[in-house]
Structure formats: structure tokens, C-alpha cells
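Participant: Here's a structure for you.
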Amino acid sequence: MLYPNSTFTCVFTKLSLSILLSASTILFLFCNYDEFLKTKAALLLGITSSGNSALACDPRSGLVAYPAGCVVVLLNPKKNRQHHIINTSRKTITALSFSPDGKHLVTGESGHLPAVRVWDVAERKQVAELQKHKYGVSCVAFSPNGKYIVSVGNQHDMMVNVWAWKKDVIVAANKVSSKVKGVSFSEDSSYFVTVGNRHVKFWYLDHCKANKASAPVPLLGRSGLLGELRNNFFCDVACGRGSKSDSTFCITSSGLLCEFNSKRMLDKWVDLRVSERGSLCLSEDMIFCGCADGTVRAFRLADLHFVCTLPRPHPLGSDVSSMTEASHLFNATVDARYPDTVAVTYDPVSCRLSCVYNDHSLYVWDVRDVQRVGKVHSALFHPACVWDLEVNAYVPEEVASGLSSGAFLTCSADNTVRVWRMDDWTQTHSPNILSQVSLTPRIRILLSSEIRTGIRTICVSPDGKHLASGDRNGMLRVHDLSSMEEILKVEAHDAEILSLEYSKPETGLKLLATASRDRLIHVLDAEDDYSLVQTLDEHSSSITAVRFAGEPLEKLSTSDG
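Numbering-wise (our numbering), the sequence shown opens with residue 7 and increments by one.
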């Protein structure tokens, strides 16, 4: 199969819609399943970027690339259009980078014997492959002249390889003992810099260019002179451009922005006044630093002078579907918490900054005028594992909740149920307004709780009026889809509810069956306020699924025992 490591597959033939779930990634398509295998007309909901090494922007076209499992999403933020590169090995993409001309994309992956692959962006096909790592690739980067690709393995792999990818030759290699979080090439391609835990190292390529032998030469590395910052964790790195081409900029997990000079000496640093995390990228005259609590700060490239702080995303725990105006974003309470900024990348053509946050959301900001920042695009995904999916094939006219036929619902370990509408995604342009800092109205969060137990399974009644959900603590909830109000909350089981099923309309009855890890099946009467009709205890182990067979009324269930 060519889709991400999936735990659930649903094919809804009436709409010719295929839906696949994979961890915190949802993939759905406006095509049939055969077309998906040809990678046509797909839309993917989800993102698995955990740092700047897994977020990139094409400097020519402005396409934003990010991984979602084993798929690379190529997003056009202005048109709200996606294209996809599918890794046929099904290994999770952990790092990616565009070539300077934007024609190629290099990816690194996880797992045993991972490959570094080069893809043609226009054709979305693989054109080269390197398999010299053993235990995972943490960073990849093209050199500015386009001749070389550097790949850095994870802390178990410990390899740094320089690849002349057009000749398919490793020209230099060495080992690194530290955990590496970022890599960046100098403007003249003469060296690159890696950063990590108590690690800033400059790797020089001059002797590699003269190498005529078939075997790689040892890669020459020199450590940066860290001084009193030697015990810091360096999260990200960016080599300067233009008048600052001799400088190298780093950010630490303790919230320091550092500048190294041409002699590898720590020249200056400034305090970002944030606690944890860090990522950075450069524009022509500014440095953008992604920090904890949704903070992104801008500094002047010439002297590290503070310029401004960008707007924050939505607060954690907020109903993102209700935040449709710019004012809603600034009405948060004083003690509101925001998701951390884990990755930032800059589009020099359109002057846009793309930010990924640790709640798996993506924002694209227009920073042409940093004093008047506007939101171009936002994508809000489940931040945790997606457990179940329900296609809402029929919605009666009297349901006024904004749902439409063909909408589908998902539940997640983030303790939310979300309704996704498909009609907006068929439009050419994004429904979001460029100058308005608002959140997309496509997602409707139905369920939320202070205790993050996780919603394990959901089921919509045949008439489309009720939504039943079961969580990992055995709690059963029923919501009225017309008003989004909770009409039932009962502790139905002693363990997590694994399956829910409404009886079919042809039976003439309106029943709800619940199956749990506690080995019990409860049958409830939906017409009598969900009163208990019967309890079945025939299984000796967890019940993973329950179904009504039809007429005559029978129940089918499956169990581990």
C-alpha cells in the first residue's frame, strides 16, 4: 500500500470518497481508491513536523513542504491547494529540504536502513537515492550551489555524509557523537554547520572538492568556541547571507539567540525572554525566532536589535471553530496558554512566514510589514492519535448545526470530536481572508474536557440527529447534533469503550450497543432516554467491535478471547 502506516480504512462509495487514518494524520480524497494509488486529487489533513529540519519553503514558488507520516505535503498557502509526494517505503519522513532552484526536494526518513531520497518536485517522482545510514536521518540540506547534499543521522546512527547526488557519490563522511538538531550551509557552499546538545560544529568541504578517489575522504570538522554557553542545547542554526555571510546564527533551548563570527567565535547573543524550545530562519534583513507559548520574535539581522513579536495562534483548549474574527484571537484570558512554536520557515518571494506549533497546527503569516502582520492560511489538525472516524452520509434538513451530507467526524486522544466539512476544500481559493487573523471554520469541536482521557470511538445515529461517543474511562456521551448539547453522560463501563453501534432503521427499533474492554456489551434504548435494555457477558476478553446484523434483529461482536 502507498498510504501512511494506517490503523483504519474507510471507503464511502456513494461519494466516491476514500478515507485513511494514521496516528495523528487524516487523509481523505475526492476520488476513488484507484485514483489515490496514482496519487491524484488527494487532500491530507495532518502534520508530523517536530522541528525546523522537517519544514521547508521553496524560495522560487513559495510552496511549503512538510511531512505527514510517509507523505510529503506540498502546500500552496494562497490557493489552499495541496500536492503530495508519497514515500513508497512507507517509512516516516523526518527531514526535508528544497534545492536552491526549487526543482528538487531531498528527504530523510526513520527506521532501519533509512534512505535519503531526492524527488523531482514538478513530477513528484524519485530521481536519486542514498542508503548509507543505519538508524534514522535527523537532518538533510542542499548546498547553495546545488551540487551537494548533507545528511546527518540520529544519535544512534552518528554519521554525517556529504553526497554529490548527481554523480551518486559520497565525497566525504565522518561521525558525530552529539544529538544533532539542525544543519545549515554557508552562502558559498564552502562549509556547513551542525548544532545539537552542547554542539556547534563547522564542517569544511574545500578538500572534498579536490577528491578524485572513489572512496569518501574524512570530513574535516572544527567546533565552535562556545565560551560560557558550552553547556547549552543548541536547537537550530542558520548561516548568514549577503553582508552577514560570514556570520552563523544559533538559538538555544534556554532562549538565547547567538551569533558566531567567521573565526567560529561566539561574538554576541541576546536573551529572547522565553523559557523553552527554539527554531529560527532568516529573511533579507531579519531573524525570526520561534519560541515557547506560541511566541515568534523578530530581530534585525545586522545587529540583533529586537523588532517585534508576531501574533500568537489560538489558545490551547479553545473552540477553534468559534474563533472566526480577528478580535477573537486577542480575547484570551490572562492565564491562557498557547502551543509552542516548533518550526519556522520564510518565503522570500511573498514575504510570508510559515509556523508549525506543537499542537499540530500550521499558520502562514504575511510579514511584509511586521507592524501589521496578517494571516494568509491556517490548518488545524488533531494534535494526538486519531482513534475513529464516522462518515455522516445523511443529515436531515431540520439539523441546523452547519453539518452537511458527506461531512465526516473524527475522534482523537486529544479528547475532542471534530466535524470536517468537505465543500470548502473543493474551492480554488482559501475561504480565509489575507488581512484577517481568523481561524478556519471547517472544524467544529464538539467535545472537550479538562481531563484528557481521549475519545476512543464514535457513532452517528441513522437519522443524523445524535452522536454517541465512548472514552477511555468507560464514559458514554450522547450529543444532539442540532444544538451540539450533551443530552447523556453516563459511566457505562469499567474500562474503555471500544465500539459503538446504532441499530439499522429497517429493524424498526432505535437501539445503541456499547462494547468495552471490560468484556461487556450494553444495549440501550435510544427512544427511552437511552435506558438499559440488556447486558451481555458472553465474551472472556476485550470486545473490539459490535454490529447489528439487521432483520431479524441480531448482534455480532468480536473479541480477543
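We put the beta carbon where it would ideally sit given N, CA and C, even for glycine.
Computed from a prediction, not measured in an experiment: that's the story for all the values here.
#1: So, is residue 287 buried or exposed, given that buried needs 16 or more other C-beta atoms within 10 angstroms?
#2: Taking only runs of the alpha helix (DSSP H) that begin and end inside the segment 186–220, which ones reach a length of at least 4 residues, in chain order?
#3: At a cut of 8 Å, does the segment 516–527 reach the segment 490–497 through at least three beta carbon pairs?
#4: So residue 388 is in the beta strand (DSSP E); what residue range does that whole segment cover?
#5: Please report the residue range of the beta strand (DSSP E) in which residue 377 lies.
#6: Please state if the CB of residue 143 and the CB of residue 124 are separated by a distance shorter than 7 Å.
#7: Expressed to the nearest angstrom, what Euclidean distance is found between the alpha-carbon atoms of residue 352 and residue 289?
#8: Taking DSSP as the reference, what is the three-state secondary structure of residue 116?
#9: In this structure, does DSSP put residue 532 in helix, strand or coil?
#10: Leaving out five residues on either side along the sequence, give the residues of the same chain with a beta carbon under 6 Å from the beta carbon of residue 301.
#11: Please tell me whether residue 247 has its Cβ less than 7 Å away from any Cβ of chain C.
#12: Let me confirm a value: residue 88 is counted as buried when at least 16 other C-beta atoms fall within 10 Å, else exposed. Which label applies?
#13: Is residue 554 buried or exposed, if buried means 16 or more other CB atoms sit within 10 Å of its CB?
#14: To the nearest angstrom, how far is it from the Cα of residue 171 to the Cα of residue 134?
#15: Buried or exposed for residue 370, going by 16 or more other Cβ atoms inside 10 Å?
#16: On the three-state DSSP scale, how would you describe residue 235?
#17: Cβ of residue 394 within 7 Å of Cβ of residue 463?
#18: Identify the residues that DSSP records as bridge partners of residue 491: which are they?
#19: Using alpha carbons as the reference points, say which of 150, 139, 110 and 341 lies closest to residue 132.
#20: Which of the three DSSP states, helix, strand or coil, is assigned to residue 435?
#21: Can you grab the Cα-Cα spacing for the pair residue 506 / residue 93, in whole Å?
#22: Under the rule that 16 or more other beta-carbon atoms within 10 Å means buried, what is residue 426, buried or exposed?
#23: Is the beta carbon of residue 368 closer than 7 Å to that of residue 53?
#24: Can you round the beta-carbon distance between residue 356 and residue 68 to whole angstroms, since I take them to be within the 8 Å contact cut?
#25: Using the rule of at least 16 other Cβ atoms within 10 Å of the residue's Cβ for burial, across every protein chain shown, is residue 482 buried or exposed?
#26: By the three-class DSSP mapping on this structure, what secondary structure does residue 60 have?
#27: Can you give the Cα-Cα distance for residue 372 and residue 292, rounded to whole angstroms?
#28: Measure the beta-carbon distance from residue 362 to residue 349 and round it to whole angstroms, keeping in mind my assumption that it falls under 8 Å.
#29: On the DSSP bridge assignment, give the partners of residue 73 in chain order.
#30: Cutting at 7 Å between CB atoms, please list the residues of its own chain near residue 271, excluding the five before and the five after it.
#31: Quick check on the DSSP output: what are the complete beta strand (DSSP E) runs of length 3 or more inside the segment 87–142, in order along the chain?
#32: Tell me, please, which residues DSSP counts as bridged to residue 307.
#33: Classify residue 86: buried if its beta carbon has 16 or more other beta carbons within 10 angstroms, exposed otherwise.
#34: What separation, rounded to the nearest whole angstrom, lies between the Cα atoms of residue 82 and residue 375?
#35: Tell me the residue span of the beta strand (DSSP E) that contains residue 479.
Facilitator: Reading it off the structure:
#1: The sequence position of residue 287 within the sequence shown is 281, counting from 1. Classification for residue 287: buried.
#2: Segments of the alpha helix (DSSP H) lying fully in the segment 186–220: 212–215.
#3: The segment 490–497 and the segment 516–527 do not touch, with fewer than three beta-carbon pairs separated by less than 8 Å.
#4: Indexing the sequence shown from 1 puts residue 388 at position 382. Counting along the chain, residue 388 falls outside any beta strand (DSSP E), and DSSP gives it neither H nor E.
#5: Taking the first residue of the sequence shown as position 1, residue 377 is located at position 371. Taken as a continuous stretch (DSSP letters only), residue 377 belongs to no beta strand (DSSP E), as it is neither H nor E.
#6: Mapped onto the sequence shown, residue 124 falls at position 118. Mapped onto the sequence shown, residue 143 falls at position 137. Their beta carbons are not under 7 Å apart, which means residue 124 does not touch residue 143 by this criterion.
#7: Position 346 of the sequence shown, counted from the first residue, corresponds to residue 352. Position 283 of the sequence shown, counted from the first residue, corresponds to residue 289. Each residue's CA atom was taken as its position, placing residue 352 and residue 289 some 7 Å apart.
#8: Here residue 116 corresponds to residue number 110 of the sequence shown, with the count starting at 1. Of the three classes helix, strand and coil, the one that applies to residue 116 here is coil, per DSSP.
#9: Mapped onto the sequence shown, residue 532 falls at position 526. In the structure shown, residue 532 sits in a helix (DSSP, three-state: H, G or I).
#10: On the sequence shown, position 295 is the one that residue 301 refers to. So the qualifying residues of the chain are 280.
#11: Judged by its chain identifiers, the structure shown contains no chain C, having just a single protein chain.
#12: Counting from one through the sequence shown, the residue named residue 88 turns up at place 82. Buried is the call here.
#13: Here residue 554 refers to the residue found at position 548 of the sequence shown. Classified as buried, residue 554 has 16 or more neighbouring CB atoms from the shown chains inside 10 Å of its CB.
#14: Along the sequence shown, one-based indexing puts residue 171 at 165. Along the sequence shown, one-based indexing puts residue 134 at 128. If you take the alpha carbons of residue 171 and residue 134, they lie about 7 Å apart.
#15: Residue 370 sits at position 364 when you count from the first residue of the sequence shown. Under a 10 Å Cβ-count criterion, residue 370 is classified as buried, with 16 or more other Cβ atoms of the shown protein chains found around its own Cβ.
#16: The residue given as residue 235 occupies position 229 in the sequence shown. Helix.
#17: Position 388 of the sequence shown, counted from the start, is the residue given in the question as residue 394. Position 457 of the sequence shown, counted from the start, is the residue given in the question as residue 463. For the pair residue 394 and residue 463, the CB atoms are nearer than the 7 Å cut-off.
#18: The count along the sequence shown starts at 1 and reaches residue 491 at position 485. For residue 491, which the question treats as bridged, DSSP gives the partners 486.
#19: The residue given as residue 132 occupies position 126 in the sequence shown. If we check each option's Cα against that of residue 132, 110 comes out closest.
#20: The sequence position of residue 435 within the sequence shown is 429, counting from 1. In this prediction, residue 435 has a pLDDT of 28, which is less than 50 and means its spatial position is unreliable; what the coordinates show is noted afterwards. In this structure, residue 435 counts as coil in the three-state DSSP scheme.
#21: Translated into positions along the sequence shown, residue 506 becomes position 500. Translated into positions along the sequence shown, residue 93 becomes position 87. Using only the alpha carbons, I get a separation of about 34 Å.
#22: Taking the first residue of the sequence shown as 1, we reach residue 426 at position 420. So residue 426 ends up on the buried side.
#23: Working through the sequence shown from its first residue, we reach residue 53 at position 47. Working through the sequence shown from its first residue, we reach residue 368 at position 362. Cβ distance < 7 Å, so residue 53 and residue 368 count as in contact.
#24: On the sequence shown, position 350 is the one that residue 356 refers to. On the sequence shown, position 62 is the one that residue 68 refers to. The pair is a contact, with the Cβ atoms about 5 Å apart (cut-off 8 Å).
#25: The sequence position of residue 482 within the sequence shown is 476, counting from 1. Residue 482 comes out buried.
#26: As a first step, residue 60 must be located in the sequence shown, where it is residue number 54. In the three-state reduction of the DSSP assignment, residue 60 falls in the helix class.
#27: Counting from one through the sequence shown, the residue named residue 372 turns up at place 366. Counting from one through the sequence shown, the residue named residue 292 turns up at place 286. Cα-Cα distance, rounded: 14 Å.
#28: To locate residue 362, count along the sequence shown from 1; it is residue 356. To locate residue 349, count along the sequence shown from 1; it is residue 343. Correct: roughly 4 Å between the Cβ atoms.
#29: In the sequence shown, counting from the first residue as 1, residue 73 sits at position 67. For residue 73, the pairing in a beta bridge is given by DSSP as 78.
#30: Numbered from its first residue, the sequence shown carries residue 271 at position 265. Cβ within range, chain order: 231.
#31: Runs of the beta strand (DSSP E) inside the segment 87–142: 87–92, 99–104, 110–115, 122–126 and 131–136.
#32: Position 301 of the sequence shown, counted from the start, is the residue given in the question as residue 307. Under DSSP, no beta-bridge partner is assigned to residue 307.
#33: Within the sequence shown, numbered from 1, the residue matching residue 86 stands at position 80. Label assigned to residue 86: buried.
#34: The residue labelled residue 82 in the question sits at position 76 within the sequence shown. The residue labelled residue 375 in the question sits at position 369 within the sequence shown. Cα-Cα distance, rounded: 21 Å.
#35: By 1-based counting over the sequence shown, the position of residue 479 is 473. Where residue 479 is concerned, there is no enclosing beta strand (DSSP E), given that its DSSP letter is neither H nor E.
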